[in-house]
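**Q** Quick note: the sequence shown, position 14, residue 14 per the UniProt record's numbering, numbers continuous.
The beta carbon of each residue, even a glycine, is placed where N, CA and C say it ideally should be.
If you're wondering where the values come from, they're calculated on a predicted model, not measured in any experiment.
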Amino acid sequence: MYYMNKGTINWFNADKGYGFIMADDMQDVFAYLLSIQGNDFKKYDEGQKVTFDIKMTSRGRYASNVHKR
Numbered sequence: 001m002y003y004m005n006k007g008t009i010n011w012f013n014a015d016k017g018y019g020f021i022m023a024d025d026m027q028d029v030f031a032y033l034l035s036i037q038g039n040d041f042k043k044y045d046e047g048q049k050v051t052f053d054i055k056m057t058s059r060g061r062y063a064s065n066v067h068k069r
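(1) Give the straight-line distance between the Cα atoms of Trp-11 and Arg-59, rounded to the nearest whole angstrom.
(2) Among Tyr-62, Phe-52, Ala-63, Met-56, which one has its Cα closest to the Cα of Tyr-3?
(3) Restricting to Cα atoms, I'd like to know which of His-67, Tyr-62, Arg-61, Tyr-32 is closest to Gly-17.
(4) In terms of residue numbering, what span does the beta strand (DSSP E) encompassing Ala-14 cover?
(5) If you scan the stretch 33-63 from start to end, which runs of the beta strand (DSSP E) of 3 or more residues do you find wholly inside it?
(6) Residues bridged to Asn-65 by DSSP?
Encoded structure:
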């Protein structure tokens, strides 16, 4: 079974190209602009509910495949 993580946009700056999602497990997850699905990334405001996958790198975890819910 495939599981999408759920969370809320904590902070996002489209001009800087990144932000943070507060996952439902209460941990911040870094989000790159390129992880946002669709062309409406500038509409992702603080408080927006999202679903996402988590990827791991040597620098920590980050959100990928981010969608509004």
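**A** The structure says:
(1) 19 angstroms
(2) Phe-52
(3) Tyr-32
(4) No beta strand (DSSP E) contains Ala-14, which DSSP labels as neither H nor E.
(5) 49-57
(6) Paired residue(s): none; Asn-65 is not in a bridge.
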